[in-house]
Amino acid sequence: AKGAGKNGYSFFEQSMNTNARNQLQLLHDLRQALDAGELELHYQPKFAAADAQRVIGAEALLRWQHPRRGLLMPDQFIALAEKTGLIIPIGNWVLNEACRQMSRWYAEGRDDWRVAVNLSALQFCHAGLIDSVRHALERHALPANCLTLEITETTAMQDADASLAILRKLAEMGVDLSIDDFGTGYSSLLYLKRLPANELKIDRGFVRDLEHDSDDAAIISAIVALGQALDLRIVAEGVETESQQAFLTGLGCDSLQGFLFGKPMPAEQFMVGVEALA
Ligand code: C2E
Ligand code: CA
Ligand code: CA
Ligand code: CA
């Protein structure tokens, strides 16, 4: 065939095979990662916008310490976990581990902090979600409002009525709810008004070019106004520069998160940073 290599396969087919083999190997490794204790959570601090010295909590972000490939980031394995259903046991582990860490912080007097956990679409729709959340809270004797669940706007929009029912159950339990990557989906004002959410998280994509793109700045202003009108907390993520910080604080964002303040890091290192602020 045209473009075929020495062995009769085209380069395209060869690379497909390599890719498929890699994915298969990765899936095999991922199945064992949980039991082997290779997963870990890093924590990125969230700060009060009005007082950038004051930590108000952390977002738990998943990492995989792979025995041969080193530290893998979520974009290298979350999609695979989601496609194969492995995200359910992995997600339950994340919930439990984040609650364990938050209960330690709570016992150390950080009882006004919240730990935020990301939920994938599959996890959010999974019948076991409510029980998993209740279990994790009970197991670590953690008040429900110390746990924020972050659900992307796209996930919340997928099946609007079903999502509303799930969010209402979580809200009844007292869990804090955040709509992540806000501005990238297409939620209507009416839907947003019905959502029992506590927080809107402005997508990093808008924050990134804020200084150079007046459209992004305008969109952020609109999101902040919308959030305030609906009585939601507004968080901006991906804050990397002081001028972004100034702009977002000036608009009235409630909290900020980004490399300017701190990268995601293991809990011990996180606390070293927090103590250095005090
Ligand atoms: P996300 O929920 O939007 O998380 C924010 C991502 O932005 C994190 O990437 C974080 O490290 C990164 N980030 C934070 N501040 C900055 C900044 O100032 N600049 C830049 N360039 N990046 C910043 P990470 O840890 O690679 O996570 C990527 C995505 O993977 C997350 O996006 C989330 O969707 C997903 N994810 C992470 N942990 C979990 C988990 O436990 N479960 C599920 N289902 N998904 C997770
Ligand atoms: Ca998030
Ligand atoms: Ca986000
Ligand atoms: Ca994102």
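For what it's worth, our numbering labels the leading residue of the sequence shown as 6, then goes sequentially. All C-beta atoms, glycine included, are put in the ideal place defined by N, C-alpha and C.
Counting along the chain, where does the alpha helix (DSSP H) carrying residue 232 start and finish?
Taken as a continuous stretch (DSSP letters only), the alpha helix (DSSP H) holding residue 232 covers 219-234.
Any beta strand (DSSP E) of 3 or more consecutive residues that is wholly inside the region 26-107
44-53, 56-71 and 75-77
Would you call the region 197-208 and the region 233-240 in contact, with 3 or more CB pairs under 8 Å?
Contact holds: three or more Cβ-Cβ distances are below 8 Å.
Sequence ranges, beta strand (DSSP E) only - wholly within the region 136-205, length at least 3
152-157 and 181-187
Give a yes or no on whether the C-beta atoms belonging to residue 261 and residue 52 are separated by under 8 Å.
In terms of Cβ geometry, residue 261 and residue 52 form a close pair [threshold 8 Å].
Between which two residues does the beta strand (DSSP E) holding residue 241 run?
Counting along the chain, residue 241 sits inside the beta strand (DSSP E) bounded by residues 238-241.
Tell me where the alpha helix (DSSP H) around residue 212 begins and ends.
209-213
What residues does ligand 2 have around it, judged by CB closer than 5 Å to any heavy atom, in chain order?
123, 155 and 185
When 243, 65, 206 and 263 are compared against residue 152, the one with the closest alpha-carbon:
65
Using a threshold of 8 Å, state whether the C-beta atoms of residue 163 and residue 126 are closer than that.
yes
Residue interval of the beta strand (DSSP E) (run including residue 272):
Secondary structure note for residue 272: it is in no beta strand (DSSP E), and the uninterrupted alpha helix (DSSP H) holding it is 272-282.
Going by DSSP, which residues form a beta bridge with residue 260?
For residue 260, DSSP records a beta bridge to 53 and 240.
Given that a residue counts as buried once 16 or more other Cβ atoms are within 10 Å of its Cβ, and exposed if not, what is residue 215?
buried
Spatial neighbours of residue 92 in its chain, beta-carbon cut-off 8 Å, leaving aside the 5 residues before and after
If we look at residue 92 and ignore the five residues flanking it on each side, its Cβ neighbours are 83, 86, 125, 127 and 128.
Got a sec? Which residues, its chain only, sit under 6 Å from residue 108 by beta carbon, not counting five neighbours each side?
145 and 147
Let me know if residue 123 comes out buried or exposed under the rule of 16 or more other beta-carbons within 10 Å of its beta-carbon.
Buried is the call here.
Please determine whether the Cβ atom of residue 80 lies at a distance below 7 Å from any heavy atom of ligand 1.
Checking every heavy atom of ligand 1 against the Cβ of residue 80, one is found closer than 7 Å.
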